[in-house]
Structures are given as C-alpha cells and as structure tokens.
Amino acid sequence: MFSCNLSRTWTQLVRSIIKPTAVACRYSTGIKDDPISGQEEQETEIIIDVYKERLKKYAQLLEEQEEESNKFGDLNLSRGVDGVFDIEDLVETLKHQQAEDIFVASVPKEIGYVDYIVVASSKSQRHMNALTQFVKQIYKQKKLQTDIMPTLEGKNSSDWMAMDMDNIALHIFSKSARAQYDLDTLWAVGSKYDDQSHKKDLLSSMLERHAFSLKGFVPAK
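Residue numbers (this note's numbering): 41 to 261.
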C-alpha cells in the first residue's frame, strides 16, 4: 500500500514538472486545452522567435563582416612601422583602387616634412573621391587610438586632393592637372627646372600650403 501511494505521488510529481498535457494538446484533439500550458506554449514560441531574430541579426553581421573583408582584399590592415601607412602598403592600397601613374619620391630628412610624397592620377572626379575615401577607410582600420585621422585638402577641387599622413603626403590629381603641373618632374629635378612651377591659379595656391624647397628629392625605388 505504501509502495503504491509512493508510486502514485512520484508519478504526479513528474507530471507536474514535465506537464504532459502541454505536449498532448499539440498532437491530440481528445484532450481539452489547458490554459496554463497554452500560455507556456505561447511564451515558448515568443522565446523561439526572439532566438531566431538574434540568429538572423548575427548572420547579417557575419555577412557584413565578410563583405567588408572582401572589400579590403589582401591589403595589410595592421599599423605600419614608420607611420599608420608604410609606403609599400599605401602603394598597394592605391593599386587596389586602380589609381594610375603612381609616383613615389623620398624626401630628404633635413627638410623635416614627410618621408615620402606620393602622386597618383584619377580617372575622374568620382574616382578621385573614391580613392581618398578608401584610403581613409584603410587608415581607420590600421590606426591606433592615439593616431589622428588625416585631413583632406582640396575637397571642393575637381583637379586635386591631398592627404597628410604624417610620414607620407599623398596627392591625387586629375589627368589634365597632372599633365599641366608635371609634379613628377618638379619633385624629381627641382622647381627651377620646371616650366610649370611659376604659374599661378587656384590650384597652385592650394599647393603652396605644401610648398618647400625641392632640392635633393629622389624618386623612390
């Protein structure tokens, strides 16, 4: 008798924990709905919906990160040694975005300006904007919290934009402006040998912000 009561009590306890009616209601019409178990089912469905929504957001995040990674390709996103950008990484970044006629000149240490000046040509004003924005995106990925984002000169110009990255000065020109000012020659042989160095207009006045003696400049190998 005692054993029978104990068995019955145990069965009732188990049933109260697992609530078999909640399962039965889903698969049998012969059992009346339990309002309590129905509420629990509803709460369970809500939890599942929330979980699915979180999984969906997580999948979207992974997809965005993958797209971001694909956008940068094999570019080095680690900070450089001599600056946020080492010169090799900047050149690869410009090539990745189809910059044309990339020219690199090393700057004599005694000038105390930058280590390198980089000149590149863009295919259009839209391409010029895309180049500068992409360089800034890579810079942001590479920099430390203590590194300052570079300022962009010539935002309203359709012919020239420049970024001073502390160790590197980047100049991006339209093809027409590149040919007109021939900065490759200017920085390679010095201003006194260049016919364009004495011309004055809006673009040249902007360039004067970065002007200094060019004696001793050497094209980087």
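By construction, the Cβ of each residue, glycine as well, lies at the ideal position given by its N, Cα and C atoms.
Within 10 angstroms of the Cβ of residue i, are there 16 or more other Cβ atoms? Answer buried if so, exposed if not.
i	result
M189	exposed
R218	buried
V147	buried
D129	buried
L101	exposed
G152	exposed
K135	exposed
Residue j and residue i - do their beta-carbons sit closer together than 9 Å?
i	j	result
V159	V175	no
I212	M201	yes
N207	G113	no
D155	I178	no
M203	T186	no
Q173	S198	no
L171	Q220	no
E140	K111	no
May I ask you to list the residues that DSSP assigns as paired with residue i?
i	result
M201	I212
I157	A145 and A209
E140	S161
E193	A202
Just checking my contact of residue i with residue j at CB under 8 Å: how many whole Å lie between their CB atoms?
i	j	result
R119	L210	Contact flag wrong, Cβ pair sits at about 17 Å.
L115	T133	6 Å
S161	K215	5 Å
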